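Down below is the structure, laid out as structure tokens.
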Amino acid sequence: MLQSSNKNRPSPELLDLRRRIRHSAAHLLADAVLEVIPAAKLTIGPPTDDGFYYDFDLPRPVTPEDLERLEGIMRQRIKADLPFVGKEVTKEEAAHMYADQRYKLEILEDIPPGEKITLYSHGKFTDLCRGGHVDRTGQVSAIKLLNVAGAYWRGDEHNPMLQRIYGTAFESQSALNQYLKNLEEAQKRDHRKLGIEMGLFVFNPIAPASPFFLPKGTALYNALVEYARGLYKRYGYSEVITPQIFETELWKRSGHYQHYIENMYVINIDEREYGVKPMNCPAHALMFGAQAHSYRDLPVRFADFGRLHRYERSGVTHGLTRVRTFAQDDAHIFCRPDQVEQEIRTFVAMLDQTYKLLRFEDVRIRLSLRPEGRIGTEEMWDRAEKALANSLTGQGLEFEPVPGEGAFYGPKIDFLVADALGREWQLGTLQLDYNLPERFDLDYTAEDGSKQRPVVLHRAMFGSIERFLGVMIEHFGGAFPVWLAPVQARVVPIADRHSAYAEQVRDALQAAGIRAEVDSRSERMQAKIRDAQLQKIPYMLVAGDREAAAGAVAVRMRSGEDKGAMPLDKVKEMILKDVVDGT
RNA sequence: GCCAGCGUAGCUCAGUGGCAGAGCAGCUGUUUCGUAAACAGCAGGCCGUCGGUUCAAAUCCGACCGCUGGCUCCA
23 MLQSSNKNRP SPELLDLRRR IRHSAAHLLA DAVLEVIPAA KLTIGPPTDD GFYYDFDLPR
83 PVTPEDLERL EGIMRQRIKA DLPFVGKEVT KEEAAHMYAD QRYKLEILED IPPGEKITLY
143 SHGKFTDLCR GGHVDRTGQV SAIKLLNVAG AYWRGDEHNP MLQRIYGTAF ESQSALNQYL
203 KNLEEAQKRD HRKLGIEMGL FVFNPIAPAS PFFLPKGTAL YNALVEYARG LYKRYGYSEV
263 ITPQIFETEL WKRSGHYQHY IENMYVINID EREYGVKPMN CPAHALMFGA QAHSYRDLPV
323 RFADFGRLHR YERSGVTHGL TRVRTFAQDD AHIFCRPDQV EQEIRTFVAM LDQTYKLLRF
383 EDVRIRLSLR PEGRIGTEEM WDRAEKALAN SLTGQGLEFE PVPGEGAFYG PKIDFLVADA
443 LGREWQLGTL QLDYNLPERF DLDYTAEDGS KQRPVVLHRA MFGSIERFLG VMIEHFGGAF
503 PVWLAPVQAR VVPIADRHSA YAEQVRDALQ AAGIRAEVDS RSERMQAKIR DAQLQKIPYM
563 LVAGDREAAA GAVAVRMRSG EDKGAMPLDK VKEMILKDVV DGT
């Protein structure tokens, strides 16, 4: 769902109607495709949250002109107001009917014996289908085909690539129009677009999927990093700096060489092989192992903003949200088994506090539970999963348990947030790891003098800082809270003769640690205000004759609010208060 | 990696086989202005790259690179 549509959430009845309309629209689409491309092989066509799709195996690509033609045929069917008619058949009857439709036959094969097999028809078109339609095609009302994409049959990349046609349908033209308008609005918040417009970062094909952060983007980036450092001081983390490149010996020991090498940058030099780090954990394990630890020292919390490189397959990268070089607000907590639960709780509380500060309200939390082929005892998994679940409920957070999705070395919690177009990205994460300490033979000395194995927690609030920034840019539509804004205040001299005073104002603000600049172009004030608005700068400080005489500036807020002339000291105080309050 | 689409000035885009274009941004000049776009001029291009077809290619064909949407992947 679009974030902007979260207010005025549709009723369950309307959602059900839309589901049936969209499912029906998928039938109309299949009907139309068969008319235009009779050789088409049909597969499945379900409704989605925002519309529907239908997957076809086609002898030729679908063109944009096809989409228009298909839409036209679908509209004819809607106008004809044909009834949807269901009919129960035997497997043999259905198989006979779909003799030349191999995918439908495969679907039939998989229907367990005894289960009802139903066909639904409108006009001359019939589809194998469980049902859930509107009564007549006329009720489909408003449709729009959106795009064509490739999709593997049954989602398996070894299967043939099908052509998926995406569309949407609504109960009325006005609801459809509203949706399309929201979509357009959401596209304006695309971080890749805003990144260029606001001068935050650029990309260059010479380093694919690798952002170059411009000064303003770097200010934003560093604001997040400094925020994390602030928390670390209060939460007992110790920041460390670790190498970028390690001999592959290390990656063999950590297991990355066996499981992750495809995603690593490997360098051969001096007849030795090195790997650029895709993660920090092995380095932290080495550091922990380099010193003797008493049970009294634990937990040890190593935080690392080190740059990571992962070779992501071409075709999966995406703006800032899926890149090949990034840093995380990464930390590894080495603790005693009896400390695990407290550490989890503290982290979850810290993350919750942070997401609330950033007004990330629609966060989906997934708890990935024990997979097949795991290490450790059942008792250990029981305890670990329970500790994770308790820490979430203790913080009043709802989560979704996902059986079988945990790592082989431990369960994990993922925090997912949607971008402007509703695509979810994993941001924060917390993983329990019982494997790393084994592989690196880590220990601490217990009270009784025995050597004990610590437990490791991998954790990040932001996850990849790049990805977090991408989602955050879209979340705020570029209008960042003052503490994050790359430019917190822009001084706007009315005429050239006010430039010197404007520069004094800027210098005074900068001296107070405020990110301020002057727009000294020979432009009219209106144009400067407009540009500052478009840059979503929180404070516009107008400096003219009256202000210069009074040691003041006229304060205009990004919201358009005009606070009138205020003494410079007051303005400084107001901005700094915003920074402290996180507003 | 796979399917499809796209790639023209810093940005947004027009240009479908015959001299490379517009708006915005930039620069220069004029204007010195009170809360969302002053006026004029100038400059800006290997039309992603390489190859092919053609008398002639931004335009047609192929390969590669990059980006976009989706699929797969995401220790």
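Counting in the working numbering, the first sequence runs from 23 upward without gaps.
From the three backbone atoms N, C-alpha and C, an ideal C-beta is built for every residue, glycine too.
Model, not experiment: these values are computed from the prediction.
Bounding residues of the alpha helix (DSSP H) (the contiguous stretch that carries residue i)
i      : result
Pro60  : Unbroken run through Pro60: none, as it is neither H nor E.
Met309 : Cys303 to Gly311
Ile597 : Leu590 to Asp603
Arg552 : Met547 to Leu556
Arg489 : Ile487 to Phe498
Ser581 : Ser581 -> no alpha helix (DSSP H), and no H or E assigned at all.
Asn607 : No statement about residue 607 is possible, as the shown extent of the chain runs from 23 to 605 and does not include it.
Gln375 : Val362 to Leu379
Arg323 : That residue, Arg323, is in no alpha helix (DSSP H); its beta strand (DSSP E) goes Val322 to Asp326.
Thr451 : Element bounds for Thr451: not the alpha helix (DSSP H) but the beta strand (DSSP E), Glu446 to Asp455.
Assumed close pair residue i, residue j - CB separation to whole angstroms, cut-off 8 Å
i      : j      : result
Leu479 : Ala406 : With a Cβ gap of about 10 Å, Leu479 and Ala406 do not count as contacting.
Ala197 : Arg44  : So it is not a contact: roughly 12 Å between Cβ atoms.
Arg323 : Ser260 : 6 Å
Gly450 : Gly485 : 6 Å
Gly416 : Ser390 : Not really, about 19 Å apart at Cβ, beyond 8 Å.
Leu216 : Gly239 : The Cβ separation is near 11 Å, so there is no contact.
Contact set for residue i: own chain, Cβ-Cβ below 7 Å, skip 5 residues either direction
i      : result
Met588 : Ala574, Val575 and Val577
Val527 : Val513, Leu563, Ala565, Val575 and Leu590
Trp447 : Thr343, Leu438, Val439, Asp441, Arg489 and Val493
Ala171 : Arg186 and Tyr188
Within 7 Å, strictly: CB atoms of residue i and residue j
i      : j      : result
Val156 : Ser276 : no
Val107 : Ser143 : yes
Leu410 : Pro433 : yes
Glu488 : Phe348 : yes
Arg481 : Ala353 : yes
Met402 : Leu253 : no
Phe437 : Val385 : yes
Lys585 : Ala501 : no
Val247 : Phe327 : yes
Leu330 : Arg358 : no
Arg82  : Val58  : no
Ile218 : Gly160 : no
Ile435 : Leu419 : no
Phe74  : Gly177 : no
Lys138 : Glu110 : yes
Ala538 : Gln532 : yes
Phe78  : Ala54  : no
Val504 : Pro425 : no
Phe430 : Ile387 : no
Ala121 : Leu130 : no
Pro508 : Ala241 : yes
Leu167 : Glu93  : yes
Nonlocal neighbours in the same chain, by C-beta distance under 6 Å from residue i, ignoring five residues either side
i      : result
Arg214 : Gly341
Gly492 : His213, Gly341, Leu342 and Thr343
Met286 : Gly297 and Pro300
Pro105 : Arg158
Val162 : Ile43, Ser46, Ala47, Ile100 and Ala191
Beta-carbon contacts of residue i that lie in its chain and below 8 Å, excluding the five residues immediately before and after
i      : result
Thr368 : Tyr257
Thr148 : Met119, Leu141 and Tyr142
Ile516 : Met547, Val564, Ala565, Gly566 and Asp567
Ser521 : Pro515, Val540 and Ser542
Lys29  : Because Lys29 carries a pLDDT of 48, less than 50, the predicted location of this residue cannot be relied on, and the following value inherits that uncertainty. There are no such residues.
Tyr333 : Glu284, Asn285, Met286, Tyr287 and Arg346
Where the beta strand (DSSP E) through residue i begins and ends
i      : result
Arg251 : Note, Arg251: premise wrong, no beta strand (DSSP E); alpha helix (DSSP H) at Pro237 to Tyr257.
Ser390 : Val385 to Ser390
Arg176 : Unbroken run through Arg176: none, as it is neither H nor E.
Leu92  : Looking at the DSSP string, Leu92 is not in any beta strand (DSSP E); the run it does join, the alpha helix (DSSP H), is Pro86 to Ala102.
Gln185 : Met183 to Phe192
Leu330 : Arg329 to His331
Ser33  : Looking at the DSSP string, Ser33 is not in any beta strand (DSSP E), and its letter there is neither H nor E.
Ile291 : Val288 to Ile291
Arg117 : A quick correction: the sequence has Ala, not Arg, at residue 117. Premise fails: Ala117 lies in the alpha helix (DSSP H), Lys113 to Met119, not in any beta strand (DSSP E).
Pro68  : No beta strand (DSSP E) holds Pro68; DSSP gives it neither H nor E.
The segment 512-519 contacting the segment 544-554, beta-carbon criterion three pairs below 8 Å: yes
So does the segment 302-309 actually touch the segment 448-463, counting three or more Cβ pairs closer than 8 Å? yes
Would you call the segment 177-184 and the segment 464-474 in contact, with 3 or more CB pairs under 8 Å? no
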